[in-house]
Amino acid sequence: MLVAAAVCPCPPLLVPEVAAGAAPELDPARAACLDAVGVLAASRPDLLVVVGPGDGSAAGAYPAGAYGSFRGFGVDLDVTLGAPEAAVRGPRLPDSLAVGAWLLERARWTGAPVEALAVDGRAPAEKCAGAGRELAARADRVALLVMGDGSACRTVKAPGYLDERAEAFDARVTQALGAADLAALDALDETLAYELKAAGRAPWQLLSGAARGAGLGGRLLYEDAPYGVGYTVAAWS
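Quick note: the sequence shown uses our numbering, first residue 269, plus one each step.
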């Protein structure tokens, strides 16, 4: 059963070495993410699964010890999922999961074994929910670290340019994540999310499936749209 979840954005800029001189701008987001991971630790899970978007061949499961890298962003920094002493040189973690692994390393996670799952961003809602139900059944006490960004169309300088629908979409997402509103997450429009480049849609709907019957409440820890991208941090317990 799912006992806790942390919802965090997944831009590589969350890593200070990647953000470089702009790093202080995301300090509040980093602090909120670490607070959310603290909620996971307090839940004393038997298993922690990091979930994030990973389209195409990157979609799929990754074991403890899988590695990620930020070298593609000009930074000599690698991360290992959950078990630095047992690095697995298999397929590299997609960026969203690498950011999740970095968060766990920063939080000095030792609370439970860690695995990861990259979800195809075009996966339909019901498939995402089904994957969530499967994850929740993996152990008596399962926690999820759910990585995903909102729309990338909040300003003219955003990666997806300005789309007038983006602010309302992000507001619905933030309200749903902050309140652990499963019905609202299930109702997110897949086509609209794709058009707004909201990479978190599939992971959020997986979370909704995992949380069915768990009776979790939500708490909003952070919401903003730096660089024109919607970022939300929430903790469910």
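Virtual Cβ for every residue (Gly too), placed ideally from N, Cα, C.
For clarity, every value in this text was computed on a predicted model and none was experimentally measured.
Residues near residue i in its chain [Cβ-Cβ closer than 7 angstroms; skip 5 each side]
i    : result
V494 : Sequence inspection shows Pro at residue 494; the Val mentioned does not correspond to that position. Around P494: E293 and L294.
R298 : L282
R374 : L302
D408 : M269 and D314
For residue j and residue i, the rounded distance between their alpha carbons
i    : j    : result
V286 : L365 : 15 angstroms
Y490 : V414 : 15 angstroms
A444 : A452 : 6 angstroms
L316 : G333 : 13 angstroms
Y462 : P279 : 17 angstroms
A369 : L430 : 31 angstroms
G483 : G418 : 25 angstroms
Cβ-based burial, residue i [other Cβ within 10 Å; buried from 16]
i    : result
A448 : buried
K425 : exposed
R376 : exposed
A290 : exposed
G336 : buried
Whether residue i touches residue j by CB criterion (8 angstroms)
i    : j    : result
G416 : W472 : yes
V318 : A384 : yes
A436 : V497 : no
E458 : P362 : no
C276 : L371 : yes
Member of the options whose CA lies at the smallest distance from the CA of residue i
i    : options                   : result
L403 : A304, S476 and A502       : S476
A467 : T378, F338, V347 and G389 : G389
P321 : P284, A386 and G446       : A386
Own chain, CB closer than 6 angstroms to residue i, minus 5 neighbours either side, in chain order
i    : result
T442 : E491 and T500
R312 : none
A399 : L474
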